[in-house]
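Below you'll find the structure, written out as structure tokens, and then a few comments.
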Amino acid sequence: MTLNVYLSGEIHSDWRERIIAGAEGLDVQFSAPVTDHAASDDCGVAILGAEPDPFWHDHKGAKLNAIRTRRAIEAADVVVVRFGEKYRQWNAAFDAGYAAALGKSLIVQHGADHRHALKEVDAAALAVAEQPEQVVQILRYVLTGELPS
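Anchor point for the sequence shown: position 65 equals 58 in my numbering, and the numbering is continuous, going up by one each time.
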């Protein structure tokens, strides 16, 4: 059984790479948003033309990114959403809500300092982890029934 996992959230740390490396040998297929911040921000104007108003610049990019994001979340069996320390990730919160609305299995990952701010997001999740390695252990358990040693 191949598990399709979408990795959403912050782009300023190596959490995705840690999960992908830790899941080596498991029957998992990963997808993710574009993590090149500049490319993600500028895709709309690069493809559809310049916008002098920052609102419309962002609007075009957000809509193009939504095509990729919606498709990936809809195709996923599990959606992992990471909230990092450095920035507010409104897009990550939106992805978590979208996944929950679709009835996707949702794993949220964040540090202890975000517990209060993300209590509603955490309540929608099937698991809340603090470390990428815990996410890998969840995936291993789901696929094999094995507990960590």
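All C-beta atoms in this analysis are idealised placements derived from N, C-alpha and C, irrespective of residue type, glycine included.
None of these values were measured; they are calculated from a predicted model.
Spatial neighbours of residue i within its chain, please: CB distance less than 7 Å, with the 5 preceding and 5 following residues excluded, ordered by chain position.
i	result
aspartate 20	Met(-6), Thr(-5), Leu(-4) and Leu136
valine 129	Ile12, Gly15 and Ala16
serine 6	Gly77
valine 114	Ala86, Ala89 and Val101
leucine 41	Lys53
aspartate 51	none
With a threshold of 6 Å on Cβ separation, who are the neighbours of residue i within its own chain once the five nearest residues in sequence on each side are excluded?
i	result
glutamate 3	Arg75, Gly77 and Gln82
serine 98	Val71 and Leu119
proline 125	Trp8, Arg11 and Ile12
tyrosine -1	Ser24, Ala65, Ile66, Ala69 and Val72
valine 27	Ser33
Taking the alpha helix (DSSP H) that residue i falls in, what are its first and last residues?
i	result
isoleucine 131	125 to 137
alanine 120	Note, alanine 120: premise wrong, no alpha helix (DSSP H); beta strand (DSSP E) at 120 to 122.
aspartate 115	112 to 117
Do you know whose CA, among the options, lies nearest residue i's CA?
i	options	result
serine 66	Gln22, Gln127, Ser142 and Leu111	Inspection of the sequence shows that residue 66 is occupied by isoleucine rather than by serine. With distances taken between Cα atoms, isoleucine 66 lies closest to Gln22.
alanine 39	Ile131, Leu111, Lys53 and Asn84	Lys53
valine 127	Ala116, Ala117 and Leu140	The question names valine, but residue 127 is glutamine in the sequence shown. Selected option, being the one with the closest Cα: Leu140.
tyrosine 80	Gly138, His30 and Tyr134	His30
From which residue to which residue does the beta strand (DSSP E) around residue i run?
i	result
leucine 0	-4 to 2
Go through its chain and collect everything with a Cβ distance to residue i's Cβ below 8 Å, but skip five positions before and after it.
i	result
alanine 122	Ile100, Val101, Gln102, Val128 and Ile131
alanine 55	Gly37
Would you call the segment 35 to 49 and the segment 66 to 76 in contact, with 3 or more CB pairs under 8 Å?
no
Taking 8 Å as the cut-off, does the segment 93 to 110 touch the segment 47 to 61 (at least 3 CB pairs, one atom from each stretch)?
no
Across the segment 106 to 115 and the segment 19 to 38, are there enough close Cβ pairs to call them in contact, namely three or more that are closer than 8 Å?
no
Entirely enclosed beta strand (DSSP E) segments - the segment 10 to 60, minimum 3 residues
21 to 24
Where are the alpha helix (DSSP H) runs, 4 residues long or more, that stay fully inside the segment 60 to 110, in chain order?
83 to 94
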